[in-house]
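Enquirer: At position 26 of the sequence shown the residue is numbered 25 (numbering that gives the first Met the number 0), and the sequence of numbers has no breaks.
Glycine residues also receive a C-beta, built at the ideal position from the N, C-alpha and C atoms.
To start, I am sharing the structure in question, which I have written as structure tokens.
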Amino acid sequence: MSKSKSTSKDSVPAEPFPAIAMLTSRLTFIAEDECGVSAIELLTLWHARHFGREFVDDQTVILRQELTRLLKAKFGYTDGSVSKLLKGLQDKGLIVRAAVSTQERSQLFGSHGDARVVILNKAGKLKIEEFKNRIRIR
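The structure is reproduced here in structure tokens:
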């Protein structure tokens with residue numbers, strides 16, 4: 000009996016997986032070896048830029064709890080590992096961890112609650128652009 004490819008509607012064909020594996024490893028290499036950030040650091044910067052709100056001096060601000068929720072739900076991070084990740088990004092000068100006033104939070108996010116935010120600064124935005132440019136020149 001010969002092996003045949005599964006044609007069930009519920010199965011995913013195997014053909015894309017080698018390409019996905021190669022692409023993932025190449026993008027990780029570019030982030031880490033050429034841009035100096037881990038893939039998860041880059042994803043965190045990108046998420047902040049995409050889902051954050053415009054802030055002073057062309058910066059972007061996002062609620063710390065939103066990043067925590069993402070990292071816990073999608074990547075299994077703990078509160079401690081989120082803090083460590085954000086500290087690393089701050090030490091690299093790519094973000095600022097801060098708190099906003101109740102009034103600022105309400106104006107920015109339309110709600111009350113935890114005032115801790117992550118501010119994606121110019122260097123963080125430039126890091127994202129550096130990564131994108133390295134991909135473009137390939």
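(1) Pick helix, strand or coil for I118, following the three-state DSSP scheme.
(2) Could you give the distance in angstroms between the alpha-carbon of K83 and the alpha-carbon of Q64?
(3) Should F130 go down as buried or exposed, given a rule of 16 or more other Cβ atoms within 10 Å for buried?
(4) Would you mind sorting G51 into buried or exposed? The rule is 16 or more other CB atoms within 10 Å of its CB.
(5) Expressed to the nearest angstrom, what Euclidean distance is found between the alpha-carbon atoms of A30 and R133?
(6) Can you find at least 3 beta carbon pairs, one from the segment 41-56 and one from the segment 120-130, that sit closer than 8 angstroms?
(7) Using a 10 Å radius around the Cβ and a threshold of 16 neighbouring Cβ atoms, would you call L85 buried or exposed?
(8) For P17, does the count of other Cβ atoms within 10 angstroms reach 16, so buried, or fall short, so exposed?
(9) Which complete alpha helix (DSSP H) runs does the segment 9-34 hold, if anything under 4 residues is left out?
Expert: Answer, in terms of the structure:
(1) If DSSP states are grouped into helix, strand and coil, I118 belongs with the strands.
(2) 14 angstroms
(3) buried
(4) buried
(5) 9 angstroms
(6) yes
(7) For L85, the number of other beta carbons within 10 angstroms of its own is at least 16, and it is reported as buried.
(8) It counts as exposed.
(9) Contiguous alpha helix (DSSP H) elements confined to the segment 9-34 occur at 15-28, taking only those with 4 or more residues.
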